[in-house]
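Asks: Can you read through this structure? Questions will come right after.
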Amino acid sequence: MIGGKSILTSNNVQLPSESYPAPATIEVDLETGKIIKVTKGKASAEHYTNQGAEYHDFGDLYILPGLVDAHVHLNEPGRTEWEGFYTGTRAAIAGGFTTVVDMPLNSIPPTTTVDNLRLKREAASGQCFSDVAFWGGVIPGNQDDLLPLVSTGVKGFKCFLIESGVEEFPHVTEKDASAAMKVLERSSSVLLFHAELDCNLSSPQEPNDEDPRNYETFLNSRPDSLEVSAIELVIRLNKQYPSLRTHIVHLSSAPAIPSIKEAKTSGLPLTVETCFHYLCLTSSEIPAGHPEFKCCPPIRTQSNREELWKALQDGTIDFVVSDHSPCVAELKCFDSGDIMKAWGGIGGLGLGLSLLWTEAGKRGITMGQIIEWLSFKPAKHVGLAASKGSIEVGKDADFVIFDPNAEFKVTKEVLNFKNKVSPYTGLTLKGRVEKSILRGQTVWDHMKEGDGFCKTPFGRLL
1 MIGGKSILTS NNVQLPSESY PAPATIEVDL ETGKIIKVTK GKASAEHYTN
51 QGAEYHDFGD LYILPGLVDA HVHLNEPGRT EWEGFYTGTR AAIAGGFTTV
101 VDMPLNSIPP TTTVDNLRLK REAASGQCFS DVAFWGGVIP GNQDDLLPLV
151 STGVKGFKCF LIESGVEEFP HVTEKDASAA MKVLERSSSV LLFHAELDCN
201 LSSPQEPNDE DPRNYETFLN SRPDSLEVSA IELVIRLNKQ YPSLRTHIVH
251 LSSAPAIPSI KEAKTSGLPL TVETCFHYLC LTSSEIPAGH PEFKCCPPIR
301 TQSNREELWK ALQDGTIDFV VSDHSPCVAE LKCFDSGDIM KAWGGIGGLG
351 LGLSLLWTEA GKRGITMGQI IEWLSFKPAK HVGLAASKGS IEVGKDADFV
401 IFDPNAEFKV TKEVLNFKNK VSPYTGLTLK GRVEKSILRG QTVWDHMKEG
451 DGFCKTPFGR LL
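Under the UniProt record's numbering, the first residue of the sequence shown carries the number 1, and numbering increases by one thereafter.
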């Protein structure tokens, strides 16, 4: 039904600034796809059905705001065999992520010029089940492209302080980063840093006398010092350009937390994300010969994981992302189990809400906190807080219908991204997305016959 009004009500609606879901009713204008009224308490069907409105009572299921994954590699065009807009956004929407932000690298060409952004938007057109926004890229020498990219709509820029893994997206030096920041301080943009920096080498040293199948071999090759030194550099640069927002992507190293706290306390506009894999997995549990666990920076120890959780809960870490960075199975080196040679990247798009909810049950974390980390704060980070991130009048009617008590086992069959390789396979998770609603229209329904997806994707390029 396009046009008219839709009513959603439940005993458990997650409203802004509330720790726990509570009874509420949401009215949606289906023509605009916007929320037009939110009232506390459940409304009966009779009043609305007499007006010809759609009425949906979800009982005790949770109604949550649509989630925002601010760090996703969709890889199209150029490496569409790794992932693409069609398959990637299907995976996102099936997990309640109604908005994703695409990273500028691993596609060919990367999003480092306006022309390259145009090619990416053309590739994405008509393929997206979720809404999609785009990050631009900072590489050596593309300073003149940055402000035109801002004008064309990118949400900010990503750079690497260490080799990215793909030759068309080279890493930047301190001089390169400073030049980009000098340009970007004239805008309201944000510069994202892959924060690993080896002060002595252009890339981490690969130990020659350790078994490349053992995860500890890889972990030793990417020590905490790489992240700590990089984050100290970012903070120094931010002090030179204090009007420009800076951001640390996928923080994995707890020893970097004190520097981050100090920088934030001093008033620097620095934000930080971490990833589901750093909060849910530990290095000691990774078996030998399993490259699906490899990512950069690496999954670290149990004690390190606990420090990340503390930093997330006290606000030092702002939010959580997937950093979904898949590849074809051959590049994961499953035949040899050689973790050192395998492509580094985690496949997990769409599982994040269930992963965090599973951990929340062990830690006394509320759904309100999780929604801050998965919806409101990432929406604010990417400049979409006016339309995304919370259930409020005037915002897009993007919702997740979530069963907090359902359990499911992660198998290849429940993964919706293209290459079904994931370190989460085999885990039993608590909490399942039952429906995803984009601008008032159901785009994923777990109980629907077939694959559960709407027939025609209508996600927008933001």
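Virtual Cβ for every residue (Gly too), placed ideally from N, Cα, C.
Computed from a predicted model, the values in this text were never measured in an experiment.
#1: Using 8 Å for Cβ pairs, my map puts residue 374 next to residue 349. What's the rounded Cβ distance?
#2: Nearest CA to the CA of residue 33: which residue from 437, 325 and 76?
#3: To the nearest angstrom, report how far apart residue 238 and residue 52 are at their CA atoms.
#4: Check the DSSP bridge columns for residue 133 and list the partner residues they point to.
#5: When the Cα atoms are used, what is the spatial distance from residue 462 to residue 133?
#6: Just checking my contact of residue 291 with residue 342 at CB under 8 Å: how many whole Å lie between their CB atoms?
#7: What residue from 283, 321 and 274 has the CA that sits closest to residue 339's CA?
#8: Determine, using beta-carbon pairs with one atom in the stretch 77 to 84 and one in the stretch 102 to 117, whether at least three such pairs fall under 8 Å.
#9: Determine the contact status of residue 409 and residue 68, defining contact as a CB-CB distance below 7 Å.
#10: Could you tell me if residue 203 is buried or exposed, where buried requires 16 or more neighbouring beta carbons within 10 angstroms of its beta carbon?
#11: Where does residue 128 fall in DSSP's three states?
#12: Helix, strand or coil: how does DSSP classify residue 115 here?
#13: Residue range of the alpha helix (DSSP H) that residue 277 falls in?
#14: Just to confirm the assignment, what range does the beta strand (DSSP E) spanning residue 139 have?
#15: Leaving out five residues on either side along the sequence, give the residues of the same chain with a beta carbon under 6 Å from the beta carbon of residue 435.
#16: Using C-beta distances below 6 Å, list every residue in its chain close to residue 94, excluding the 5 sequence neighbours before and after it, in chain order.
#17: Go ahead and label residue 14 buried or exposed: buried means 16 or more other beta carbons lie within 10 angstroms of its beta carbon, across all protein chains shown.
#18: Kindly confirm or deny that the stretch 260 to 269 and the stretch 160 to 172 touch, where touching means at least three C-beta pairs closer than 8 Å.
#19: Find out if the Cβ-Cβ distance for the pair residue 222, residue 337 is shorter than 7 Å.
#20: In the DSSP assignment, find the alpha helix (DSSP H) that holds residue 264 and state where it starts and stops.
#21: Should residue 111 go down as buried or exposed, given a rule of 16 or more other Cβ atoms within 10 Å for buried?
#22: Excluding the 5 residues flanking residue 454 on each side, which residues of the same chain have their C-beta closer than 8 Å to its C-beta?
#23: Check the C-beta distance from residue 294 over to residue 421 and give it rounded, since I have them as a contact under 8 Å.
#24: Output yes or no for whether 7 Å exceeds the beta carbon distance between residue 398 and residue 98.
#25: Can you give me the C-alpha to C-alpha distance between residue 146 and residue 363, rounded to a whole angstrom?
#26: Quick check on this structure: which residue in 459, 433 and 460 has the alpha carbon closest to the alpha carbon of residue 448?
#27: Given this structure, state the Cα-to-Cα distance separating residue 241 from residue 195, to the nearest angstrom.
#28: Using 8 Å as the Cβ pair cut-off and three pairs as the minimum, do the stretch 310 to 327 and the stretch 169 to 183 touch?
#29: Ignoring anything shorter than 4 residues or poking outside the stretch 396 to 428, list the alpha helix (DSSP H) runs there in chain order.
#30: If contacts are defined as beta-carbon pairs under 8 Å, then residue 272 and residue 248 qualify, I think. What distance do you get, rounded to the angstrom?
#31: Among 20, 56 and 171, whose alpha-carbon lies nearest the alpha-carbon of residue 371?
#32: Which full runs of the beta strand (DSSP E) of 3+ residues lie inside the stretch 51 to 89, going along the chain?
#33: So what does DSSP say about residue 29, is it helix, strand or coil?
#34: Have a look at 396, 124, 137 and 59 and flag the residue whose alpha-carbon is nearest the alpha-carbon of residue 90.
#35: What did DSSP end up calling residue 192 once you bin it into helix, strand or coil?
#36: Nearest-angstrom Cα distance between residue 170 and residue 329?
Replies: With the given structure in hand:
#1: Here residue 374 corresponds to residue number 374 of the sequence shown, with the count starting at 1. Here residue 349 corresponds to residue number 349 of the sequence shown, with the count starting at 1. Wrong, their Cβ atoms sit about 13 Å apart, outside the cutoff.
#2: In the sequence shown, residue 33 corresponds to position 33, counting from 1. Nearest of 437, 325 and 76 to residue 33, Cα basis: 437.
#3: Against the sequence shown, residue 238 aligns to sequence position 238. Against the sequence shown, residue 52 aligns to sequence position 52. About 55 Å.
#4: Locating residue 133 in the sequence shown gives position 133, counting from the first residue. The partner list for residue 133 (beta bridge, DSSP) reads 101.
#5: As a position in the sequence shown, residue 462 is number 462, starting the count at 1. As a position in the sequence shown, residue 133 is number 133, starting the count at 1. Near 5 Å, if we compare the C-alpha coordinates of residue 133 and residue 462.
#6: Counting from 1 along the sequence shown, the entry for residue 291 is found at position 291. Counting from 1 along the sequence shown, the entry for residue 342 is found at position 342. The Cβ separation is near 3 Å, so the contact holds.
#7: Locating residue 339 in the sequence shown gives position 339, counting from the first residue. Comparing Cα-Cα distances from residue 339 to each of 283, 321 and 274, the minimum goes to 283.
#8: yes
#9: To locate residue 409, count along the sequence shown from 1; it is residue 409. To locate residue 68, count along the sequence shown from 1; it is residue 68. Contact: no.
#10: The residue given as residue 203 occupies position 203 in the sequence shown. Unreliable placement is indicated for residue 203, whose pLDDT of 47 sits below 50; no coordinate value is reported for it.
#11: One-based indexing of the sequence shown puts residue 128 at position 128. Coil, per DSSP.
#12: For this step, residue 115 is matched to residue 115 along the sequence shown. It is helical.
#13: Counted from its first residue, the sequence shown places residue 277 at position 277. First-last of the alpha helix (DSSP H) with residue 277: 276 to 280.
#14: Position 139 of the sequence shown, counting from 1, holds the residue named residue 139. Unbroken run through residue 139: none, as it is neither H nor E.
#15: Sequence index remark: in the sequence shown, residue 435 carries index 435 (1-based). Same-chain partners within the cutoff: 401, 442 and 445.
#16: Along the sequence shown, read from residue 1 onward, the residue named residue 94 stands at position 94. Excluding sequence neighbours, residue 94 sits near 350, 416 and 444.
#17: Position 14 of the sequence shown, counted from the start, is the residue given in the question as residue 14. Buried is the call here.
#18: no
#19: The residue given as residue 222 occupies position 222 in the sequence shown. The residue given as residue 337 occupies position 337 in the sequence shown. Against a cut-off of 7 Å, the Cβ pair of residue 337 and residue 222 comes out as no contact.
#20: One-based indexing of the sequence shown puts residue 264 at position 264. Its alpha helix (DSSP H) spans residues 257 to 265.
#21: Against the sequence shown, residue 111 aligns to sequence position 111. When all chains shown are included, residue 111 counts as buried.
#22: Along the sequence shown, one-based indexing puts residue 454 at 454. Cβ neighbours of residue 454 beyond the five flanking positions: 129, 441, 442, 443 and 444.
#23: Within the sequence shown, numbered from 1, the residue matching residue 294 stands at position 294. Within the sequence shown, numbered from 1, the residue matching residue 421 stands at position 421. About 11 Å; that fails the 8 Å criterion.
#24: For the purposes of this step, residue 398 is taken as residue 398 along the sequence shown, with counting starting at 1. For the purposes of this step, residue 98 is taken as residue 98 along the sequence shown, with counting starting at 1. In contact: residue 398 and residue 98 (Cβ atoms closer than 7 Å).
#25: Along the sequence shown, one-based indexing puts residue 146 at 146. Along the sequence shown, one-based indexing puts residue 363 at 363. Their Cα atoms are separated by approximately 42 Å.
#26: Walking along the sequence shown from the start, residue 448 turns up at place 448. Here the closest residue by C-alpha is 433.
#27: Residue 241 sits at position 241 when you count from the first residue of the sequence shown. Residue 195 sits at position 195 when you count from the first residue of the sequence shown. Going from the Cα of residue 241 to the Cα of residue 195 covers about 18 Å.
#28: no
#29: none
#30: Against the sequence shown, residue 272 aligns to sequence position 272. Against the sequence shown, residue 248 aligns to sequence position 248. Right, the Cβ-Cβ distance comes to about 5 Å (below 8 Å), so this counts as a contact.
#31: Translated into positions along the sequence shown, residue 371 becomes position 371. Residue 371 has its Cα closest to that of 20, out of 20, 56 and 171.
#32: 54 to 57, 62 to 65 and 67 to 72
#33: For the purposes of this step, residue 29 is taken as the residue at position 29 of the sequence shown. If DSSP states are grouped into helix, strand and coil, residue 29 belongs with the strands.
#34: Position 90 of the sequence shown, counted from the start, is the residue given in the question as residue 90. Residue 124 is the option with its Cα nearest to residue 90.
#35: Here residue 192 is taken as the residue at index 192 of the sequence shown, counted from 1. Here residue 192 sits in strand by DSSP.
#36: Locating residue 170 in the sequence shown gives position 170, counting from the first residue. Locating residue 329 in the sequence shown gives position 329, counting from the first residue. Residue 170 and residue 329: Cα-Cα distance of roughly 24 Å.
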